[in-house]
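> Structure below; questions to follow.
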Amino acid sequence: MLPLSFTRVSMMMQSATGAEQTVQIFAKLADEAWQQLGARPLAALSLHEIAQNVGVDDALASAVAGDPQRLVLGKMVALDNQAVLESFADIEDAGEISIREKILEALMHRFEVYAPYRVQIEAVNRAARTRPDLGVALGLNLQHVTRRMLAMAGDSCEGWRGMLRIKGVVGVVMMVARDWMKDDSPDLAPTMKALDRRLQQAEEWAISLRLFRQGEQQQADSGRDDAAAAGRYGVDND
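In our numbering, the protein residues as written are 824 to 1061.
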């Protein structure tokens, strides 16, 4: 008879392996759903067809994914994770730059990551008009990734001031997304210009509403002064 401790360890290892397999299967299904979304509306996606195309059993696909909408949202979370981690590496390599430049870099890179998928984003936006739950999920996901980006840049997200700043940046992203959808330039320079302008407007509102503490306001002022002195829009887009 095996010791109880050995049995527990064995069960934990099996559980971890099962969790990893679930993540892998979900990612495979999500990639296929995302690809199909580039050619048809969300309502036309079939979990059966998605599963069949990647060789996953129907019952297993239902257990892992639930429905195509969840797969699409999962793919967007994966893209957000990619954008945050790549921005983190870029910011670490950049050395001493202002919080404002870090935020601008992170937000801009997210637009770059999503650039090949404008058709999918348009399909998601159309679907959200008739699916309130999808709209809520998209809003919460955007708020979550924005919080991560601000925290990564060194901006405090604590308390009511932090929450309002997060919501302000979310509003900036949503407004700039309209320019981004029409931006076919190779370097997304119009998107960068719009993002910089909207961020500056948001900073001015935040200062007027006293959403920055004293030290944070000095950093915000310094970041704007640095950008103006450099004669460019935030960080380089390369």
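Note that CB positions come from ideal geometry on N, CA and C, so glycine has one too.
Please read all numbers here as calculations on a predicted model, not as lab measurements.
(1) Tell me whether H871 is buried or exposed, calling it buried when 16 or more other Cβ atoms sit within 10 Å of its Cβ.
(2) If we call anything under 7 Å between Cβ atoms a contact, is L1022 one with V995?
(3) Please identify the residue among Q859, L852 and L894 whose C-alpha is closest to the C-alpha of L961.
(4) In whole angstroms, what separates the C-alpha of M972 from that of A1029?
(5) Go through its chain and collect everything with a Cβ distance to E843's Cβ below 7 Å, but skip five positions before and after it.
(6) Between the stretch 856-871 and the stretch 911-930, are three or more C-beta pairs nearer than 8 Å?
(7) Throw me the rounded Cβ distance for the A976 and I922 pair, which I believe falls under 8 Å.
(8) What's the gap between the Cα of N876 and the Cα of T840?
(9) When burial is assigned at 16 or more other CB atoms within 10 Å of the CB, is L930 buried or exposed?
In short, the structure shows the following:
(1) The count along the sequence shown starts at 1 and reaches residue 871 at position 48. Its Cβ having fewer than 16 others within 10 Å, H871 is exposed.
(2) In the sequence shown, the residue the question calls residue 1022 occupies position 199. In the sequence shown, the residue the question calls residue 995 occupies position 172. In this structure, L1022 places its C-beta atom within 7 Å of the C-beta atom of V995.
(3) Numbered from its first residue, the sequence shown carries residue 961 at position 138. Of the listed residues, the one whose Cα sits closest to L961 is L894.
(4) To locate residue 972, count along the sequence shown from 1; it is residue 149. To locate residue 1029, count along the sequence shown from 1; it is residue 206. Near 18 Å, if we compare the C-alpha coordinates of A1029 and M972.
(5) The sequence position of residue 843 within the sequence shown is 20, counting from 1. Cβ within range, chain order: n/a, list empty.
(6) As far as the Cβ criterion goes, the stretch 856-871 does not touch the stretch 911-930, which means the pair count is below three.
(7) Taking the first residue of the sequence shown as position 1, residue 976 is located at position 153. Taking the first residue of the sequence shown as position 1, residue 922 is located at position 99. About 5 Å; that satisfies the 8 Å criterion.
(8) Here residue 876 refers to the residue found at position 53 when the sequence shown is read from its first residue. Here residue 840 refers to the residue found at position 17 when the sequence shown is read from its first residue. Each residue's Cα considered, the two are about 24 Å apart.
(9) Counted from its first residue, the sequence shown places residue 930 at position 107. Looking at its Cβ environment, which holds 16 or more other Cβ atoms inside 10 Å, L930 is buried.
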